[in-house]
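Chains as they are written, first to last, in the working numbering: chain A, 1384 to 2148; chain B, 301 to 475.
What follows is the structure in structure tokens.
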């Protein structure tokens, strides 16, 4: 039984929780005590039970409007946020000789199709009636015949198929890894080379692949160096190409070698590489020619290129100039130079994409590196960007730890090669804009030379035809990839959502976190194509328009104040958080590379980590108790309450932990509980707290165990490694900590209450 | 015989407008194919992989941008010719299009070679829709200007008695 229209319910005394009217100006404690769950679509129980996991597939509106005009009235964006290759604990895998698909729209059979009788099924995306093939009638799991609806493909919304040969354009490629390393004087100074070589040596057996895995190395400064690792050589041979205007490969093969056959040579090379360049005095960096050489090397097979760069490339094709003006960092007006200076990297990325090569960029520089231009190489080739500003092996140990842990994850995580993804929706809906790192090859086909489990994508949709006579609509994302073991697989996720035709139902089904995530991606696009102030205005208008629409069309009784439905009560807070985010803030000094990296992350991160970046979680940790604690793997993990991000909530007598996604701050108050200082930090008093503490000592006290369990639990939930910083009053990082206090007023931005007043003023105009 | 420079201009413009119409039609077809690719008929590819076909179509857009500059240059050439021939009315009708071309070229995305379309953003529905509308509008404009030049081509001959070329002009004048 479908849940009755909520509009009818509003006439009765009990409104559903999602539509409860909240006056934002009066209610101050809006944050729930723990993490915010995704809203449940209003579907019948049996459909909702098999619906896709919201961590994988999420919509901004869990109740889809029936017509485009209704959607326009609601003034909320309609889109989907996907995390298709997420590491899943349970994934049904089906090996079947026939993969059942709709004949006209090519949708995979999914739990939301309808069976007309035992022999025919109706596609839920195009409504065509198809025949059930004979092989499908037999269910191998229950060994029964004649019940096609019990097969795993029809029982699971997320499923993986092993693809037969029709799904291959060429024989599945082996895993091919190429490392392109900057070895200029600056690079050697930072000491990153030691870390990379050590990491590779430690993880060389854990690189995903099989017996065909290939590996290669290129180093560069003002010339390009290749390494001949042919089996049979006593030691690796370095070949230098100094003609960077016209790059060529010095030998036709043995620059990319089979890992299992030449493992000793590879290990020798990794051990000797840092010493080879120890005394180098080269200051120039020919990144462009190095990338071209690497592309030449990888283009026959495809694969993954990992590029490590520590300075602005200044030699050869693709050389960049320093565009940042340090005086403009705190500009209150527009920020310049957010778009690429040259299209060399974009064109190279497209060439790479065509040959199934993905480029991952690791930027470890202290100076301006024009990430806006360099980032293009990863953005269009489905790679990822990692940024470690001011990396130095001695001066910045926290970054070193983060780099080490990130490298380990990067080298050992699951990977898919030569992938394409297609997102289909029910007839009437269409996708018009895509956000994420990939190349849009055709109207809904995304080319992903590499797919990794940490990438998120978003799409925006529009309603082309009115969805009349439909109770539900479905969305399917299908990812066809080659696994690292050379198997061609298809991962299919299907989601089903109800269709509604009243504004109050649309508001009741709004997913405020998904809306914020999609708005962030849209704002990044707008900042680059138009201007930053345009993007900021657009975000504020999103809040104003939606709340104004709610007030006019859904509220039956007009009350004073700023009214919002309970499901959208956090919307103004999140918009304010976005406006104060590093990517979009004005008036506060922000380095251009930091800003561009924040923008890259806003488009790349999956929603769960994105929300932590936008609105960090603040906890009080000096009084952790076991009350309400979780018990995971026989460890008791305390669950402190999430606090509002305001200095009002901070107290000199306490210690507070702020989880901001990529970094965790532990702020210690001046008059902090001495118990905490001694039992957790291991120091006798406040003045003895070390300045750059980034590791909690492992003391044998209950408080220390609780604190470390809590921090460990936070860290386990995400694939990257957040650094921990213990902050005192005089610490340099205190400014970063305070900048995350979103609800407070600063010289260049409004406080939360003032922002609400501003919204109210605009709405009542 | 009044074979003036103006008449010569109009004749040349007529021929070149035919070329411009061809460019506009190519433009429309290229974008239409890019757009309708996803509405696959049953007999087109039955796998998820893009076939060589589709890759060619994106390349066709890249070729289209090689046609963009010739189109702009040809149109600029007209305007210069009409300016030299002191055909002010025709020139004033073409100036807005010239200004539009200049604006369009100035606000193109950053790229090293000449060109207008960025393969990474071309598939965005709003940009695609804009390019299609642009194609249709240009086709309409070039068709109208084709007939205008055809008529204008006859004007210098109305006063002369060159029968073959002026028959069209006279018939228009009489009827």
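Here a beta-carbon is modelled for each residue, glycine too, at the ideal position from N, C-alpha and C.
Being a predicted model, the structure only gives us computed values, none of them experimental.
Here's a check: name, in chain order, each residue in its chain whose Cβ is nearer than 8 Å to the Cβ of residue 1651(A), leaving out the five neighbours to either side.
Sequence index remark: in the first chain, residue 1651(A) carries index 268 (1-based). Correct list, in chain order: 1618 and 1619.
What does the Cβ neighbour count give for residue 1387(A), buried or exposed, with the cut at 16 atoms within 10 Å?
Sequence index remark: in the first chain, residue 1387(A) carries index 4 (1-based). In this prediction, residue 1387(A) scores a pLDDT of 47, lower than 50, which makes its location untrustworthy; the coordinate-derived value is nonetheless stated afterwards. Its Cβ having fewer than 16 others within 10 Å, residue 1387(A) is exposed.
Cβ closer than 8 Å: which chain A residues qualify as neighbours of residue 426(B)?
Along the second chain, one-based indexing puts residue 426(B) at 126. Correct list: 1815 and 1816.
Determine whether the Cβ of residue 332(B) lies closer than 9 Å to any Cβ atom of chain A.
Counting from one through the second chain, the residue named residue 332(B) turns up at place 32. False, the Cβ-Cβ gap to chain A never drops below 9 Å.
Members of the stretch 1886-1910 of chain A near chain B, C-beta cut-off 7 Å
none
Candidates 1461(A), 1962(A), 2014(A) and 1546(A): closest to residue 1483(A) by CA position:
By 1-based counting over the first chain, the position of residue 1483(A) is 100. Ranking 1461(A), 1962(A), 2014(A) and 1546(A) by Cα distance to residue 1483(A) puts 1546(A) first.
With a 10 Å radius around its C-beta and 16 neighbouring C-beta atoms as the bar for buried, classify residue 451(B) as buried or exposed.
Numbered from 1 along the second chain, position 151 holds the residue referred to as residue 451(B). Per the 10 Å Cβ criterion, exposed.
Measuring only the C-alpha atoms, how far is residue 1863(A) from residue 1406(A)?
The residue you call residue 1863(A) lines up with position 480 of the first chain. The residue you call residue 1406(A) lines up with position 23 of the first chain. About 47 Å.
Quick one: what does DSSP say residue 1410(A) is sitting in, helix, strand or coil?
Counting from one through the first chain, the residue named residue 1410(A) turns up at place 27. Three-state result, residue 1410(A): coil.
Any beta-carbon of chain A closer than 9 Å to the one on residue 423(B)?
Working through the second chain from its first residue, we reach residue 423(B) at position 123. Cβ-Cβ to chain A under 9 Å: yes for residue 423(B).
Is it buried or exposed, residue 1872(A), if we count other Cβ atoms within 10 angstroms and call 16 or more buried?
Counting from 1 along the first chain, the entry for residue 1872(A) is found at position 489. Its Cβ being crowded by 16 or more others within 10 Å, residue 1872(A) is buried.
Mind listing the chain A neighbours of residue 419(B)? Cutoff is C-beta to C-beta under 7 Å, in chain order.
For the purposes of this step, residue 419(B) is taken as residue 119 along the second chain, with counting starting at 1. Per Cβ cutoff of 7 Å: 1733.
Contact with chain B by residue 1865(A), beta-carbon distance below 9 Å:
Numbered from 1 along the first chain, position 482 holds the residue referred to as residue 1865(A). It does not: the Cβ of residue 1865(A) has no partner Cβ on chain B nearer than 9 Å.
Is the CB-CB distance between residue 1861(A) and residue 1442(A) below 9 Å?
Counting from one through the first chain, the residue named residue 1861(A) turns up at place 478. Counting from one through the first chain, the residue named residue 1442(A) turns up at place 59. Not in contact: residue 1861(A) and residue 1442(A) (Cβ atoms no closer than 9 Å).
Since residue 1858(A) meets chain B, which of its residues come closer than 8 Å, beta carbon to beta carbon?
The count along the first chain starts at 1 and reaches residue 1858(A) at position 475. By Cβ distance, chain B contributes nothing, its closest Cβ being about 15 Å from residue 1858(A), past 8 Å.
Quick check on the burial criterion: 16 or more other C-beta atoms within 10 angstroms. Buried or exposed for residue 371(B)?
Taking the first residue of the second chain as position 1, residue 371(B) is located at position 71. With 16 or more Cβ atoms within 10 Å of its Cβ, residue 371(B) is classed as buried.
Please tell me whether residue 2040(A) and residue 2052(A) are closer than 9 Å, where the distance is taken between their beta carbons.
On the first chain, position 657 is the one that residue 2040(A) refers to. On the first chain, position 669 is the one that residue 2052(A) refers to. No; because the gap between Cβ atoms is not below 9 Å, this pair is not in contact.
Here's the rule: buried if 16 or more other CB atoms are within 10 angstroms of the residue's CB, otherwise exposed. What is residue 2099(A)?
Translated into the one-based positions of the first chain, residue 2099(A) becomes position 716. Exposed, since its Cβ has fewer than 16 Cβ neighbours within 10 Å.
Just checking, does the stretch 1431-1447 of chain A make contact with the stretch 1888-1895 of chain A on the three C-beta pairs under 8 Å criterion?
yes
Going along chain B in order, which residues have a C-beta closer than 7 Å to the C-beta of residue 1822(A)?
Position 439 of the first chain, counting from 1, holds the residue named residue 1822(A). Within chain B, the residues near residue 1822(A) are 420.
Check whether the Cβ of residue 2134(A) lies closer than 9 Å to any Cβ atom in chain B.
Position 751 of the first chain, counted from the start, is the residue given in the question as residue 2134(A). For residue 2134(A), the answer is no, since every Cβ of chain B falls outside 9 Å of its Cβ.
Starting from the Cα of residue 1643(A), find the closest Cα among 1594(A), 1686(A), 1630(A) and 1463(A) and give me that residue.
Within the first chain, numbered from 1, the residue matching residue 1643(A) stands at position 260. Checked all of 1594(A), 1686(A), 1630(A) and 1463(A); the closest Cα to residue 1643(A) is 1594(A).
Which residue marks the beginning of the beta strand (DSSP E) containing residue 1864(A), and which one marks its end?
Residue 1864(A) sits at position 481 when you count from the first residue of the first chain. Segment 1855-1866, the beta strand (DSSP E) holding residue 1864(A).
Shorter than 9 Å from the beta carbon of residue 431(B) to some beta carbon of chain A?
The residue labelled residue 431(B) in the question sits at position 131 within the second chain. Taking Cβ atoms only, chain A never reaches closer than 9 Å to residue 431(B), which makes this a no.
Verify whether the separation of the beta carbon atoms of residue 1563(A) and residue 1660(A) is less than 9 Å.
For the purposes of this step, residue 1563(A) is identified with residue 180 of the first chain, where counting begins at 1. For the purposes of this step, residue 1660(A) is identified with residue 277 of the first chain, where counting begins at 1. For residue 1563(A) and residue 1660(A), no; Cβs fall outside 9 Å.
Taking the alpha-carbon of residue 1402(A) as reference, which of 2139(A), 1506(A), 1937(A) and 2095(A) has the nearest alpha-carbon?
Position 19 of the first chain, counted from the start, is the residue given in the question as residue 1402(A). Per the Cα distances, 1937(A).
Going along chain B, which residues have a C-beta under 8 Å from residue 1763(A)?
Locating residue 1763(A) in the first chain gives position 380, where the first residue counts as 1. Chain B residues near residue 1763(A): 420.
Check residue 2045(A) in the structure and name its three-state DSSP category.
Here residue 2045(A) refers to the residue found at position 662 of the first chain. In the structure shown, residue 2045(A) sits in coil (DSSP, three-state: anything other than H, G, I, E or B).
In chain B, what lies closer than 7 Å to residue 1729(A) by C-beta?
Position 346 of the first chain, counted from the start, is the residue given in the question as residue 1729(A). Simply 420.
Between which two residues does the alpha helix (DSSP H) holding residue 1889(A) run?
As a working note, residue 1889(A) is residue 506 in the first chain. Note, residue 1889(A): alpha helix (DSSP H), 1886-1891.
For the beta strand (DSSP E) containing residue 1543(A), name the first residue and the last one.
On the first chain, residue 1543(A) is found 160 positions in, with the first residue counted as 1. Element bounds for residue 1543(A): 1541-1545.
State yes or no: is the beta carbon of residue 1789(A) nearer than 9 Å to at least one beta carbon in chain B?
On the first chain, position 406 is the one that residue 1789(A) refers to. Not one chain B Cβ lies under 9 Å of residue 1789(A).
When you compare the CB of residue 1629(A) with every CB in chain B, is at least one pair closer than 9 Å?
Position 246 of the first chain, counted from the start, is the residue given in the question as residue 1629(A). False, the Cβ-Cβ gap to chain B never drops below 9 Å.
Would residue 1682(A) pass as an interface residue toward chain B - the criterion being a Cβ-Cβ separation below 9 Å?
For the purposes of this step, residue 1682(A) is taken as residue 299 along the first chain, with counting starting at 1. It does not: the Cβ of residue 1682(A) has no partner Cβ on chain B nearer than 9 Å.
N- and C-terminal bounds of the alpha helix (DSSP H) containing residue 1608(A)
The residue you call residue 1608(A) lines up with position 225 of the first chain. Per DSSP, residue 1608(A) belongs to no alpha helix (DSSP H); it is in the beta strand (DSSP E), 1607-1611.
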